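I have placed the structure first, in the form of structure tokens, so that the comments after it can refer back to it.
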Amino acid sequence: MKKKTQLIHGGVFGDKHTGAVSTPIYQVSTYKQDGVGNFAYEYSRTGNPTREALEKLIADLEGGHRGFAFGSGMAAIAAVMNMYKAGDHIVFTDDVYGGSYRLMTKVLNRFNLDVTFVDTSNPAKVDEVIQDNTVAIYVETPTNPLLKVTDIAEMKKLADEYSLHLIVDNTFSTPYFQNPIEQGADIVLHSATKYLGGHSDVVAGLAVVNSEQLGEELHFVQNSVGGILGPQDSWLLIRGIKTLGLRMEQTEKNTAKIVEFLESREDVSKIYYPGQPSHPGHETHKKQASGFGGMISFDVGSGERAEHVLAQTRYFTLAESLGAVESLISLPAKMTHASIPADRRAELGITDGLIRVSIGIEDADDLIEDLKQALDSK
Ligand SMILES: *Cc1c(COP(=O)(O)O)cnc(C)c1O
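Right, dumping it as structure tokens:
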């Protein structure tokens, strides 16, 4: 089955009880048992048919063994971390999503889950920081907001050499463009709030594992800790995913045009987009993904100028988040990445003048016109 067909027919198609072509919202907490212990579903934290349809769909789309849906991307990441124990050590991509950094350094550190942040775009650096107690490598590629690319197959080699799990946050590329399990990942994570939902109307997280054992372990955590996604939001995600292919293709077309426009501007000093042949991760990304996505970061020189540009755009909405039908614009240093200390931000290259845009599916000409008037205004 090709990707666009799988988006519609993957997982569970419709409802076997009624023939409804859309999976119904099973708004229910508990289920009547045909005698003690004789049931298909027991309690909705443990399993719910609408959530299960979504979980089977994401497992199919990622080519994995089993999928799980959580109340947010962070809940999905936290559940995966709950599979490990005090004293374990995990190697992380250095410029991960701010919330993932916060989870590891301000919450899970209390439980002695140890982490090292390193530039995973350089496998030698990852090799250097692996310790006796390392249990996993956690990668985001491309990263947020600098769009740094990590070679998933190289990480897999290291994971095999040291018997580690390879975990990939695939939020930016989506399963339409990149399938980390095919490159050897054991666990794939998504903030489904972004492209998978795609309409800025649901907060959700997904995880896919590539083995029965990991499936049982993660289901145990999901059921024990309880951060599940409700049936209504599960349904919204299934609906969003149906158009993922169309949206990603349109987004990418728009993005290419906007990158070209930004390249023509002398007042834009740096542009980060893996689709540019000059981007250091361009070749690696091309090898492991079939599209470059719709996220661009660029530097306008100072925080003051960046805030001015953000105040002037009309179609680019000033907001956190990304990956929806409407274009969004943000200032990572003061918004999504404010929880990362200033000195670390500087180290990573997240300057005060760095603007991040998430390109939507509006007409590219209108988007370019909007950026042009914002950049031109004094
Ligand atoms: C947004 C995001 C998250 C967190 O997801 P939520 O749904 O906001 O909890 C994790 N990773 C990446 C790459 C993200 O963009």
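Counting in my numbering, the sequence shown runs from 108 upward without gaps.
Where is the CB? At the ideal position from N, CA and C, for every residue including glycine.
Model, not experiment: these values are computed from the prediction.
- Rounded to whole angstroms, what's the CA-CA distance from Gln134 to Leu336? Just pull it up for me. 12 Å
- Is Ser298 near ligand 1, with its Cβ less than 7 Å from a heavy atom? yes
- Message: To the nearest angstrom, how far is the alpha carbon of Arg412 from that of Ser484?
- Response: 10 Å
- Cβ neighbours of Gly178 in the same chain (closer than 6 Å, five flanking residues each side left out): Gly334, Leu336
- Task: Give me the Cα-Cα distance between Glu390 and Gln140, rounded to the nearest whole angstrom.
- Result: 55 Å
- Query: With burial defined as no fewer than 16 other Cβ atoms inside 10 Å of the residue's Cβ, what is the status of Asp374: buried or exposed?
  - Reply: exposed
- Item | Cα-Cα separation between Leu455 and Val407, rounded to whole angstroms | 17 Å
- Query: Closest by CA to Asp84, which one among Ile468, Ser129, Ala445?
  - Reply: Residue numbering for the chain in the displayed model covers 108 to 485; residue 84 lies beyond these limits and cannot be assessed.
- Task: Would you mind stating whether Glu433 and Gly398 have Cβ atoms separated by less than 8 Å?
- Result: no
- Where does the unbroken alpha helix (DSSP H) through Asp459 begin, and where does it stop? Asp459 -> no alpha helix (DSSP H), and no H or E assigned at all.
- Proximity of Val316 and Ile345 at Cβ, strictly below 8 Å: no
- Message: DSSP three-state label for Phe218, please.
- Response: helix
- State whether the segment 281-299 contacts the segment 179-191, with contact taken as three or more CB pairs (one from each stretch) at a distance under 8 Å. yes
- Task: Assuming Thr278 and Met355 form a contact by the criterion Cβ under 8 Å, report the distance between their Cβ atoms to the nearest whole angstrom.
- Result: Rounded, the Cβ-Cβ distance is 13 Å, inconsistent with contact.
- Using 7 Å as the cut-off, classify the Cβ of Met442 as near or not near the heavy atoms of ligand 1, replying yes or no. no
- Query: Given 8 Å as the limit, is there contact between the segment 185-200 and the segment 231-246, that is, 3 or more CB pairs closer than that?
  - Reply: yes
- Message: Output needed for Phe224: all residues of its chain with C-beta closer than 6 Å, excluding positions within five of it in sequence on either side, in chain order.
- Response: Phe199, Asp201
- Query: Which stretch, first to last residue, makes up the alpha helix (DSSP H) that contains Thr362?
  - Reply: 351-370
- Item | DSSP three-state assignment for Lys263, whether helix, strand or coil | helix
- Message: Does the structure place the segment 285-292 close enough to the segment 252-261 that three or more beta carbon pairs sit under 8 Å?
- Response: yes
- Query: Using the beta-carbon count (16 or more within 10 Å), is Glu169 buried or exposed?
  - Reply: buried
- Any chance the CB of Lys301 is under 7 Å from a heavy atom of ligand 1? yes
- Task: Check whether the Cβ of Val222 sits closer than 7 Å to any heavy atom of ligand 1, and report yes or no.
- Result: no
- Between Ile115 and Lys349, what straight-line distance do the alpha-carbon atoms span, to the nearest angstrom? 5 Å
- Which residues in the same chain as Leu369 place their Cβ atom closer than 8 Å to its Cβ, once the five residues preceding and following it in sequence are excluded? Val375, Ile378, Ile403, Phe405, Leu478
- Message: Tell me which residue opens and which closes the beta strand (DSSP E) that Phe120 is part of.
- Response: Taken as a continuous stretch (DSSP letters only), Phe120 belongs to no beta strand (DSSP E), as it is neither H nor E.
- Can we count Tyr204 as close to ligand 1, meaning its CB is less than 7 Å from some heavy atom? yes
- Message: Is the separation between the beta-carbon of Val366 and that of Gly382 shorter than 8 Å?
- Response: yes
- Counted within 10 angstroms of its Cβ, other Cβ atoms place Asp276 as buried (16 or more) or exposed: buried
- Is it true that the segment 114-131 meets the segment 306-324, where meeting means three or more beta-carbon pairs spaced less than 8 Å apart? no
- Item | Straight-line gap, Lys441 to Ile447 (C-alpha atoms, nearest Å) | 10 Å
- Run through DSSP, which three-state label would Phe423 get? coil
- Task: Taking Phe327 as part of the alpha helix (DSSP H), name the residues at either end of that continuous run.
- Result: 319-332
- Query: Which class does His196 belong to by DSSP, given the choice of helix, strand or coil?
  - Reply: strand
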